[in-house]
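Here the structure comes first, spelled out in structure tokens, and everything after it is commentary.
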Amino acid sequence: MKILGVDIGGTSIKLCIADEFGNIETFQEYDSEAKKGGPHLIHKVISIIEDYSGFEAIGISTAGQVNIQEGSIRYANENIPNYTGMQVKSIIENHFNLPVRIENDVNAAALGENFFGNGRNFHHFICVTYGTGIGGAIVMNSDLYRGANGSAAEFGHIMTHPRGKRCNCGLQGCYEMYGSTTALVQEARKVYPDLLDGRAIFHLYHKGNESLQLVVHNWIEEVALGLTSLVHTFNPEAIILGGGVMEQDDLVTMLANRVKDNIMESFSNIAIIKAGLGNKAGVLGAISLHTQKNIGRSFL
Ligand SMILES: [Zn+2]
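Put into structure tokens, the structure is as follows:
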């Protein structure tokens with residue numbers, strides 16, 4: 001069975017055709033032009049899908065909070081104007097006359113790892129993704145835990161600094177204000193104002209730049225602080241770290257060591273590893289919404 005997966009983000013639309021085992025036949029990336037708004041975005045997704053044929057179902061991973069029963073966007077921020085409330089599932093379903101399932105992008109990425117990536121060998125794991133903010137997903141008994149409103153795993157907004165920096169969410173001292181890649185870049189720019197991104201920071205870090213080593217080590221402490229609470233809360237078999245910055249094996253090793261120093265002895269058999277699917281996790285997760293293992297579970 002061939003399935004088409006789409007991953008709709010604020011920057012790009014990724015499209016993939018694969019079988020139910022996650023073997024990829026086609027993978028393409030397109031500019032999402034998200035600022036033109038939700039209706040334009042969905043129109044673009046439809047015209048992209050129209051270029052392909054030979055698939056029997058469509059899985060969608062999308063930015064924003066998703067009502068998976070209704071197949072609608074519960075909330076999307078200003079990155080995609082007028083996306084909130086769109087009935088994405090029924091629009092695509094009616095257009096192509098094929099079964100469509102939809103999931104939030106962070107959950108979809110976790111499902112991708114669960115079925116085809118580094119989560120395959122675990123029943124209980126959490127995914128934490130570092131970028132502009134910090135996103136997360138919880139896989140419990142090999143299934144997603146969504147919470148009462150589908151909003152579980154907002155790890156970026158657990159509070160690690162009482163009365164700390166003001167966050168976009170309106171609270172103060174949220175984890176992502178200290179542990180995100182954005183936070184790392186902000187701290188590094190206090191030393192080198194021209195630094196662009198995490199890649200540039202780690203380039204200088206690896207060259208032995210002392211002031212940046214301090215910045216990076218302080219940031220690792222912040223990242224480990226949040227992860228320590230997550231380990232004690234969920235007692236997972238594994239934490240899977242995502243986001244471009246976590247592509248570096250030595251960073252994952254340093255973080256794993258710091259977390260293991262922090263946690264209680266009885267939790268220490270945890271695996272702290274990086275995500276295995278890179279930028280294809282979301283589309284493969286979208287495809288997994290139609291795989292045999294998922295049918296009959298909470299995705300229907
Ligand atoms: Zn917050």
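Residue numbers for the sequence shown follow the working numbering, beginning at 1 and rising by one.
No residue lacks a Cβ here, since even glycine has one placed at the ideal position from N, Cα and C.
Item to check | Arg102 vs Thr132 beta-carbon contact at 8 Å | outcome: Your numbering for residue 102 matches position 102 in the sequence shown. Your numbering for residue 132 matches position 132 in the sequence shown. A small fix is needed here, since residue 102 is Ile in this sequence, not Arg. No, Cβ-Cβ distance for Ile102 and Thr132 is not below 8 Å.
Checklist entry - Taking the Cβ atom as the reference point for each residue, do Tyr75 and Gly64 lie within a distance shorter than 8 Å? => result For this step, residue 75 is matched to residue 75 along the sequence shown. For this step, residue 64 is matched to residue 64 along the sequence shown. Yes, the pair counts as a contact, with Cβ atoms nearer than the cut-off.
Checklist entry - Rounded C-beta distance between Cys16 and Leu284? I'm assuming under 8 Å. => result Taking the first residue of the sequence shown as position 1, residue 16 is located at position 16. Taking the first residue of the sequence shown as position 1, residue 284 is located at position 284. About 7 Å separates the beta carbons of Cys16 and Leu284, which is inside the 8 Å limit, making them a contact pair.
Item to check | Those residues which DSSP pairs with Asp7 across a bridge | outcome: Numbered from 1 along the sequence shown, position 7 holds the residue referred to as residue 7. Paired residue(s): Lys14 and Ser61.
Item to check | Alpha-carbon to alpha-carbon, Ser32 and Ala57 | outcome: Here residue 57 refers to the residue found at position 57 when the sequence shown is read from its first residue. Here residue 32 refers to the residue found at position 32 when the sequence shown is read from its first residue. Rounded to the nearest angstrom, the two C-alpha atoms are 22 Å apart.
Item to check | Coil, strand or helix - Phe125 by DSSP | outcome: Here residue 125 refers to the residue found at position 125 when the sequence shown is read from its first residue. Under the three-state reduction of DSSP output, Phe125 falls in the strand class.
Item to check | Selection from His123, Gly10 and Asn67 that minimises the alpha carbon distance to His40 | outcome: Along the sequence shown, one-based indexing puts residue 40 at 40. Checked all of His123, Gly10 and Asn67; the closest Cα to His40 is Gly10.
Checklist entry - If we ignore side chains and look at the alpha-carbon of each, how far apart do Pro81 and Asn168 end up? => result In the sequence shown, residue 81 corresponds to position 81, counting from 1. In the sequence shown, residue 168 corresponds to position 168, counting from 1. Distance between the alpha carbons of Pro81 and Asn168: 17 Å.
Checklist entry - Where does Lys14 land, buried or exposed, given buried means 16+ other C-beta within 10 angstroms? => result Stepping through the sequence shown from its first residue, residue 14 is reached at position 14. Burial check for Lys14: the Cβ neighbour count within 10 Å reaches 16 or more, so the residue is buried.
Checklist entry - What separation, rounded to the nearest whole angstrom, lies between the Cα atoms of Lys36 and Asp105? => result As a working note, residue 36 is residue 36 in the sequence shown. As a working note, residue 105 is residue 105 in the sequence shown. Spanning the two alpha carbons is a distance of roughly 20 Å.
Checklist entry - Which whole-angstrom value describes the C-beta separation of Val245 and Thr160, a residue pair presumed to lie in contact below a C-beta threshold of 8 Å? => result Position 245 of the sequence shown, counted from the first residue, corresponds to residue 245. Position 160 of the sequence shown, counted from the first residue, corresponds to residue 160. Rounded, the Cβ-Cβ distance is 18 Å, inconsistent with contact.
Checklist entry - Should the segment 111-123 be regarded as contacting the segment 272-283, the criterion being three or more beta carbon pairs within less than 8 Å? => result yes
Item to check | Beta-carbon proximity of Ile220 to Leu255, cut-off 8 Å | outcome: Here residue 220 refers to the residue found at position 220 when the sequence shown is read from its first residue. Here residue 255 refers to the residue found at position 255 when the sequence shown is read from its first residue. Closer than 8 Å, so yes.
Checklist entry - Should Gly156 be listed as close to ligand 1, given that the test is whether its C-beta is under 7 Å from any heavy atom? => result Within the sequence shown, residue 156 is the residue found at index 156, counting from 1. Yes, since a heavy atom of ligand 1 falls inside the 7 Å radius drawn around the Cβ of Gly156.
Next on the checklist: Please state the DSSP three-state secondary structure of Leu300.
Outcome noted: For this step, residue 300 is matched to residue 300 along the sequence shown. With a pLDDT of 34 at Leu300, under the threshold of 50, the modelled position of this residue cannot be trusted, and the question is left open.
Item to check | Helix, strand or coil at Glu50 according to DSSP, with G and I counted as helix | outcome: Locating residue 50 in the sequence shown gives position 50, where the first residue counts as 1. Coil.
Checklist entry - On the premise that Ile134 lies in contact with Gly179, defined as a C-beta separation below 8 Å, what is that separation, rounded to the nearest angstrom? => result Within the sequence shown, numbered from 1, the residue matching residue 179 stands at position 179. Within the sequence shown, numbered from 1, the residue matching residue 134 stands at position 134. Sure, about 6 Å apart at Cβ, within 8 Å.
Checklist entry - In whole angstroms, what separates the C-alpha of Phe155 from that of Asn23? => result The residue labelled residue 155 in the question sits at position 155 within the sequence shown. The residue labelled residue 23 in the question sits at position 23 within the sequence shown. So the alpha carbons of these two residues sit roughly 31 Å apart.
Checklist entry - Which two residues bound the contiguous alpha helix (DSSP H) that contains Asn104? => result As a first step, residue 104 must be located in the sequence shown, where it is residue number 104. Taken as a continuous stretch (DSSP letters only), Asn104 belongs to no alpha helix (DSSP H), being part of the beta strand (DSSP E) at Val100 to Asn104.
Next on the checklist: Is the separation between the beta-carbon of Ile60 and that of Leu230 shorter than 8 Å?
Outcome noted: Looking up residue 60 in the sequence shown gives position 60. Looking up residue 230 in the sequence shown gives position 230. No, the pair does not count as a contact, with Cβ atoms beyond the cut-off.
Next on the checklist: Can you determine whether any heavy atom of ligand 1 sits closer than 7 Å to the C-beta of Cys167, and answer yes or no?
Outcome noted: Counting from one through the sequence shown, the residue named residue 167 turns up at place 167. Yes, since a heavy atom of ligand 1 falls inside the 7 Å radius drawn around the Cβ of Cys167.
Next on the checklist: On a Cα-Cα basis, can you pick out the residue from Ala153, Tyr175, Ala152 and Ser151 that is closest to Pro162?
Outcome noted: Your numbering for residue 162 matches position 162 in the sequence shown. The residue with the shortest Cα to Cα distance from Pro162 is Tyr175.
Next on the checklist: Using C-beta distances below 8 Å, list every residue in its chain close to Val252, excluding the 5 sequence neighbours before and after it, in chain order.
Outcome noted: One-based indexing of the sequence shown puts residue 252 at position 252. Here the set comprises Leu241, Met246, Ile272, Ile273 and Lys274.
Checklist entry - Relative to the C-alpha of His123, which residue among Phe96, Val66 and Phe234 is closest? => result Taking the first residue of the sequence shown as 1, we reach residue 123 at position 123. Comparing Cα positions, the closest option is Phe234.
Checklist entry - Can you round the beta-carbon distance between His232 and Phe267 to whole angstroms, since I take them to be within the 8 Å contact cut? => result Numbered from 1 along the sequence shown, position 232 holds the residue referred to as residue 232. Numbered from 1 along the sequence shown, position 267 holds the residue referred to as residue 267. Contact holds; Cβ gap of about 7 Å.
Checklist entry - From His43 to Ile49, what does the alpha carbon distance come to, in whole angstroms? => result Locating residue 43 in the sequence shown gives position 43, where the first residue counts as 1. Locating residue 49 in the sequence shown gives position 49, where the first residue counts as 1. Their Cα atoms are separated by approximately 10 Å.
Checklist entry - Between His95, Asp249 and Leu227, which lies nearest to Asn262 when the distance is taken from Cα to Cα? => result For the purposes of this step, residue 262 is taken as the residue at position 262 of the sequence shown. Considering only alpha carbons, the answer is Leu227.
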